[in-house]
Each structure stands twice: as C-alpha cells, then as structure tokens.
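Residue numbers (our numbering), protein chains in the order written: chain A, 31 to 159; chain B, 101 to 1026.
Here the structure comes first, spelled out in structure tokens, and everything after it is commentary.
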C-alpha cells in the first residue's frame, strides 16, 4: 500500500477520533432545570433585579451572590466564587458556568453582556445639557 | 425645512477624502483588470497601465490616511471618525492607536501594507509581476469596498457597502443637537478606550497587519502559478515571501501575547481566545507551507500541498477577519470590534478567495508536477511532510472549535429552534489536543534534522548511526525531564511526555546546529528555530502548568466550594500586612497620577520566619476621562531570571470604583446628631468617643482662610483599639466646607456641622471693638491680654494687601501675651490711599482676638489700635455620626507566580530569529 494512503487513512481516523472526543466538551446553553440533572453547565438568562445582590469584599472577596432568571423564567440564587464583575447591574444578559448545589447555582465563571449603545446616548445627552 | 448653516465645520478634508476613496476603489479595479490582461496577453502596455493604476490607487489610499490623520490631529469632531476615536485630552502619542482603534482605520492599515508590498513586488517579481499584482489589487478592491460607503438600491432594498470614515458626524447619527447650528462648540470627542491607551497598541497592530498583509504574497504566487500553469520557478519567491510572512505574523502574535501579559489584566500570555486562535491557525498552516515549500525546492515533492497550504493561509486570514469584525463571536472574545453591518461583505470576501483558490487548484490538480515514486521513509522530506501534516492538523482542530459560533449561526438559520452549542471549558479543551500535536512536532523537529534529503541509500549507509544518535538524545532528554521535576511539577503523564519531547527537540536541534548548522546557515536557521520552539513549549509547561497563585487564602472560603484553588484573590486593608504563601503582603499607600491611581504593594518573602527579600510593586487602575469610574486595571510584574511575580488590582470597594456608587453609598448612610460639650463622652452602638480638644486652624489637606476642628478619641467597647480623629469646618472665599473624618476600622463617619464655625468665629458685625492709643514700645492691657507695640515693618508680607502707587502703608508688630503662655506676634496694617484710610486686621484664632491698626497721629507719635474678642460657645458641639459605613480602604488583589516564563519568551524570540536568519539567507535568491 502506498504511504500516502496510510497517512491519509491515519489522518481520517484521527479526525474522527478527535471529533467524537471533542463532542463531549460541547454543550448547549442550559436552564436551571437542566442543571439539576447535568454535571457542569452554562446557563444563560437575565438578572433578577427584584432580589438582592450580595457582595462584601471585606468579608470574602471571592464571594458574590445574585439572583438570575433563566430562559424559562425560573429564578435561582447564583453564587460566584470570584469578585463581583464591573458594571454587573447594567448587564443585559448573563452567562454563568457551574453546577447546581441543592437550590443554589455555584458558578465558577460569569460572562456579562452590557448594552453597548449606552455610551453613545450618554455622550450626546451630556452634550445637550 | 431650511438647511441649517453650521458654524465652524471644515468640509474640505472630507470632500477630498471621499473623492480619494472612490478614486482608490476605481483605480484598484482598473489596476487589477489591466494586470490581469497583461498576465494573459503578456503585453507590456497592459502592464504599464496596471502600474499606473497601482500608483493612482497608492496615492489615493495614502491620501485618505493622511486626511483622516489631519482631522484627528486637529480634533475636527464634525467628522465621525475623529469624534469616535480622539478627544481633546488624548495625548498625541496615542494618535496611531486611535487611528487603528476603529475598523476603518485598521482596514486602511492593512491596505497600507499591501501598497508597500505591492511596490516591492512590482520592483522584484519580474515575470510574476502581472499575475501576482492582479491578485493583490483584487484583494485591495475587496478591502477598500469595506470602507467606501457606497449605497446601492435594489428596488426598495438599499445595501450599504462599507462604512465610510470620511463622513460627518451629523450625517451618520441622528440627534437633536444637530438642530443647533453651533453644535460643534458643544461636543467633544469620545476618545480612545483606556485599555488601548498603551504603547503596545501602537506597535502590535502594525506588525500583525504586516503579517496579515504579507500572507497575500504567497497566496498570490500560488494562485498565479496555478493560473499560468507554471510551477517550478515560483517556488523560490514563494518561499522567501512565506518566510517574511511567517516572521511578521509570528512576531505580531507574540507581541499580542506580550501585551496581554504585560499590560492587560488577563493574567497570562495566551488565553485560547477565538481571536488569538484565528491568527494562530493561519500561522500554523503557513509554517506547514514553508516546510513543504522547502521540500519542494530541494526534492520536487510536495508542490501540491505547498500551493494548497498557502491558499488556505490567506483564506484563513480573511476568515479570522470575518470572525473578529462581523460580531459573530459576540461576548466570547475580548478582541471583537464593534459591529458595523459588514457581515455579508466579509462573507463574500472569504468565499470569493476560497472558491478562487480551491477551484483553480482542483482544475490544475493533474498539471501540478509530482513524482511518481514516493519519498523514502528514511528521508528528511518524508518526516518534514509528516510534520507539516501535524501542523495542519493542529490548525484544523483549533479552527474547527473556534468556528462553533459560525456553525451555530448556520444551523440556526435553517432551524430557528436550534439552540447553539458552546465549548464548556475552552482552555482544557484546546490544551488536550495541542499537547499531543506539540509532542509530535517537537519530536519531528529534532528527528528530521538527523535525516537527509533524497537519500535512497540512507538505510544501508546511515541507519545505525541515526538510531544511535536518536537514542542518545532521547536518553539525555529523559534525564533533563527528570531533573526538571525538582523545580516544576508535571501533574500528569502527558506533561512528562511533552517535556521529554521538548528536550529531545531542543537537544537534537542544538547538536545539529553545532555539527552541521554552522556550516550551512540555511539549515542552521531551521535548527535555531526548532530549538526556540522546543524551549518555548517547555516554557509553557513551567509557566502555564505551574502557575502558582500567591494571593490565595483558603481559610477565607466559605466552604461552599470544593475546589479551594478557585479563590484567586485576597482583600488587603491599607496598612495591614497579610501573610499568604511565603509572603507578607502590605498595601502601603496609593497615589493619583493623571488618570491613574497607583498602588504601592509591598512584598516581603519569609524563609524560616525571617524576611529574606523585600520589594514593592505598583499595579494601578485607570479612570475614565471624566474621572468618574475605574475603566481599566493595569498589572505590574516583578521579573526574575527564573520566574515572574504578576500582580493586579482585581477590584476596589464600590465607592472607589465609581463616583455614582460613592454617592449612592453616601446617600444611604444614616447620620445621627450628637451634641456633646468639650470633655463629654458620646456613645455609638459599638464604640465611644471623648471630645478632647478644639483646634484652631488645624493642618488640613486643602488650605482654608480659617478653620476649626474638634479632636475626638474613639475606642471600641473592648478598649483595645483607639483612633484619634479631627472633623473640621473651614471657610475659603466666603464658602463654608465641612471636612468629615472616617474611621474605616470602626465603620464610622463623622461630620462637624457648619454651625460650629459661627459658634467659634464671630462675624465682623457682631464684634465690639475697644480702642487704645499707644506709643512705640508701650503696652496696654486688653481683658487678660497684655499687648505691646514693638516696632513697625515696611516689608508688608500680608497676602490681603495689594500694593498700589502712592500708598502709604505701615505694618505694626505687636506682641500679645496671656499670663503663663508664650507671647504671640500680630501684624495689623494701616493704609492711606487717596486720602482715605483702611486697615487690614490681624487675628489670633486661638484667643479669638481681632486687632486693627486704626490711626496714626504723627504729631503726638501716637498709634490707635482697636481690639475685639469673639464670643465663643462650645456647648453644644454639633456632630453628625453615621455607623455601618462600608470600608473604602482596601483592595481586592491578585498575585501569581509564573516560573520559567523567560524560557517561553527566549524560545519564542529564538524561533522568530530563526525565521529572520532564513529569510536573510534566501532574500537574494532568484
């Protein structure tokens, strides 16, 4: 057999192997209901602004808690084991990575998406006054 | 409606710029077409036309760049681009950063490099000039279309081509302010993002874009070769241009890593961010192409793969442009530009060149020369080819994972119910494959050097020697890997294998460099690069895998998290040292310097309970332009030869982050009134304080005309903590200010109310002056005070006195003494101006004594003074005290150790030097 074919065959085999292996690293954005059954998930949703935020860096800088509504509208308390991100209250959308522990979602990472237009408006308003 | 006549606008640069944009677009098209004709007809007239087109295009694009700089340097905010990227207070050294902050500026930078490379190609490409330049110019057409801003209407549907940087602000934005003819005087530019106000952003983008732009050249040669169906004499120029590109793209990527590490708070040089990935992938494919190109030149094998790799490199560059600039990555990347509505144009850009390259390749596939007999398994070309395949594979894996958002978008287009998938934990995901590709590459990088090109008889002649040599190096690599385990940890077997592979590559490259490399600098450069690569990957093991978080205090965790390593930060109270992981860390002080607040963080390393080393680091936070908010955090790093200590301010108390937060906190405080007398004790819920003293004109941060403070001594109920504070009231320019005091440790804030000021200091109207006539040297008694007129002084140093011509002004020097206290000097002034007399009084705040110099009787040599004393009322002293005030005197601090990070940088620099050596060797080749 030609070596080219062997190499080609090996490449295809490796590609298939990697593809199946990698598919376990991938998941869809979940809801809190999914998080009850799955080990580690990413949940998207919005901040539940009616409920309290708690961050006292004086006591523990690595503890921040807030409430979040997932895409099904379910609200859960989320604990982040990191300092509170900047402009957190302004964020439109939140993605948390972590797992459920009883009724609390323990997150190791939080991504926030802030409204980008806000900067424009602020500037022109300031110019107006 | 009448057209508004706007005031102060400069319209000419915009008109010129707009014209040049269109001219540049048309001339690029013209040049591409004429070069194309020239390539097909081999007619020199077409070529000349092509060059003329290129020249007009070059002048036009440079003109647009000059025009944009002109409006930016002059702060012409009527132009959107100037408004968005500069501001009055932006230092000129950031003007380049500001220029390429926006998409339009960075496209122009890219085109600028194409123009530069185009000139080199016209000068040097000889017979390849016409086809290669046709490709380069058609790329320019696509790039320029991104910023030309032409509107095309298809019935009701209007498509906007590109975003034109020469437009006016009022034409691109609707706002009521534009109804004002003088709007310009009321707006100011938005300025440069504080994160980008950094010298790295001045040097990283031009190098990276030169890297981007230069991938065009091997691509253009590859396409030209397929087009002209001529393959052999393209290999030499293709190789030197791909080395050029590999060097600059590589340096650009590494500079990005250095920037992230030195100046941004990412806490590392590589984060597997989609944008980083997508500039790495084309570089990997390009390097694969360079290797197959070398094979092709030396042996005639691998011409097909070389052409394919260079086509893919360029297509991947524009694909990464699509990813960064279309907004498709969303919040998954730190690099993404703001969206500009260019998505479909960028898709067309990518697809056009992908199809052009692949279709040509498919059509010509059978014409591309190849050798009937396969490479020998004992030849260098065989294993170099395998190495190239591994590099390609590494790139393909990264590209596939990074393209997940694109995949989601496409599936979602056909099936709206589809929920997009994401990679849960990107860093381990990428690492787990790249560990193995790195192992293969480092081994092959060493092994292939021991082999020879076109060696049919290698097996018989050299095989034994080859195996012996490989075995010795493998053994040595094992010994070093083991020895290194006393310094760093490997954690898992795969890292031991990786370390061994690195050392095998390093040692093999080293021995090859000293045996054969110095004789032949071309292969010497390769060995040098391979050596650098091995060191760099080993540097990743030491610095990345062995990163040690210094700022962790596991006792502080609440027990909710199983993994204590998740706590990466500590809170440091100002002045209170904290002991973590061998260091006493103290937040000593902070100072404001311009837009920055710089912190002094002292580190003291302890060994056997003795401080063996001490140093101070200065991480800082950067405020936004209005000084209202913290906009960025800039780390500081202590460099050693064998490690770095990286520090960063992760966060600050809310009141220190944002002025509106500070106001919110202040508004939420509940102040209670207290009205003690001097010597009284007041009680708050957890502390008590004693009113100790009244201080007249205390030393304060701001200077006041007159001020008074009350000294209080506060203790906690246990009595083990004592703080002395002096809340004050002061008057400056007839304005009264309350100067509060805060006891951070007690969460207390105290105000002395302004009524206290009038209790102490009477206004002039309420004073009753008594008049005394004295001679020089005489004294008199006012109440308990003995007042003596000592002398006169003509050097009047009182700031309240503005001397005028013909003034007669005399300053008296008197001493005032009270029984048992040391005498005090007062210097009232008498002024005769235009026949009228004035006096400037002097005042002793402690006694509340006002002394005026009223009259001079030259005949009797008598001087008249008037004196009055404040009526003081210290009861009550009106205080306002708030409890539970959030502390503001601490920082959330991050500190990490990166062992052996210099191996990474050294290796990376050596690898790039290898490229440059190889390039300089081959640059003159024809």
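Just so it is clear, CB atoms sit at the ideal spot from N, CA and C, and this is done for glycine as well.
Do we get a CB-CB distance below 9 Å when we pair residue i with the residues of chain A?
{"i": "residue 475/B", "result": "yes"}
{"i": "residue 601/B", "result": "no"}
{"i": "residue 525/B", "result": "yes"}
{"i": "residue 428/B", "result": "no"}
{"i": "residue 117/B", "result": "no"}
{"i": "residue 501/B", "result": "yes"}
{"i": "residue 782/B", "result": "no"}
{"i": "residue 995/B", "result": "no"}
Taking C-alpha atoms, which residue in the options lies nearest to residue i?
{"i": "residue 789/B", "options": "810/B, 447/B, 383/B and 797/B", "result": "810/B"}
{"i": "residue 478/B", "options": "226/B, 206/B, 565/B and 447/B", "result": "565/B"}
{"i": "residue 308/B", "options": "555/B, 817/B, 621/B and 211/B", "result": "211/B"}
{"i": "residue 113/B", "options": "154/B, 506/B and 171/B", "result": "171/B"}
{"i": "residue 584/B", "options": "569/B, 602/B and 570/B", "result": "602/B"}
{"i": "residue 988/B", "options": "484/B, 775/B and 672/B", "result": "672/B"}
{"i": "residue 754/B", "options": "113/A, 52/A and 128/A", "result": "113/A"}
{"i": "residue 518/B", "options": "526/B, 524/B, 527/B and 505/B", "result": "505/B"}
{"i": "residue 729/B", "options": "712/B, 761/B and 713/B", "result": "761/B"}
{"i": "residue 553/B", "options": "512/B, 522/B and 474/B", "result": "474/B"}
{"i": "residue 269/B", "options": "373/B, 802/B and 278/B", "result": "278/B"}
Can you say whether residue i is buried or exposed, counting buried as having 16 or more other CB atoms within 10 angstroms of its CB?
{"i": "residue 1007/B", "result": "buried"}
{"i": "residue 634/B", "result": "buried"}
{"i": "residue 145/B", "result": "exposed"}
{"i": "residue 941/B", "result": "buried"}
{"i": "residue 444/B", "result": "exposed"}
{"i": "residue 151/A", "result": "Bear in mind that the predicted position of residue 151/A carries a pLDDT of just 37, short of 50, making it too unreliable to give a figure here."}
{"i": "residue 228/B", "result": "buried"}
{"i": "residue 108/B", "result": "exposed"}
{"i": "residue 805/B", "result": "exposed"}
Does DSSP put residue i in a helix, in a strand, or in coil?
{"i": "residue 137/A", "result": "strand"}
{"i": "residue 363/B", "result": "coil"}
{"i": "residue 1/A", "result": "The displayed coordinates of chain A run from 31 to 159. Any statement about residue 1/A would go beyond what the structure contains."}
{"i": "residue 341/B", "result": "helix"}
{"i": "residue 773/B", "result": "strand"}
{"i": "residue 939/B", "result": "strand"}
{"i": "residue 47/A", "result": "helix"}
{"i": "residue 878/B", "result": "coil"}
{"i": "residue 329/B", "result": "coil"}
{"i": "residue 808/B", "result": "strand"}
{"i": "residue 700/B", "result": "strand"}
{"i": "residue 734/B", "result": "strand"}
{"i": "residue 952/B", "result": "strand"}
{"i": "residue 128/A", "result": "strand"}
{"i": "residue 866/B", "result": "helix"}
{"i": "residue 973/B", "result": "coil"}
Are the CB atoms of residue i and residue j nearer to each other than 9 Å?
{"i": "residue 348/B", "j": "residue 380/B", "result": "no"}
{"i": "residue 606/B", "j": "residue 631/B", "result": "yes"}
{"i": "residue 251/B", "j": "residue 236/B", "result": "no"}
{"i": "residue 700/B", "j": "residue 687/B", "result": "yes"}
{"i": "residue 428/B", "j": "residue 326/B", "result": "no"}
{"i": "residue 288/B", "j": "residue 197/B", "result": "no"}
{"i": "residue 497/B", "j": "residue 52/A", "result": "yes"}
{"i": "residue 421/B", "j": "residue 312/B", "result": "yes"}
{"i": "residue 366/B", "j": "residue 360/B", "result": "yes"}
{"i": "residue 409/B", "j": "residue 453/B", "result": "no"}
Would you say residue i reaches chain B, if we count a Cβ-Cβ gap shorter than 9 Å as a contact?
{"i": "residue 55/A", "result": "yes"}
{"i": "residue 52/A", "result": "yes"}
{"i": "residue 107/A", "result": "no"}
{"i": "residue 84/A", "result": "no"}
{"i": "residue 71/A", "result": "yes"}
With hydrogens ignored, establish whether the beta-carbon of residue i is closer than 8 Å to any heavy atom of the ligand PLP.
{"i": "residue 202/B", "result": "Looking for the ligand PLP in the displayed structure turns up nothing, as the structure carries no ligands at all."}
If the cut is a Cβ gap below 9 Å, which residues of chain E does residue i touch?
{"i": "residue 44/A", "result": "Checking the listed chains, one finds no chain E in this structure; the protein chains it contains are A and B."}
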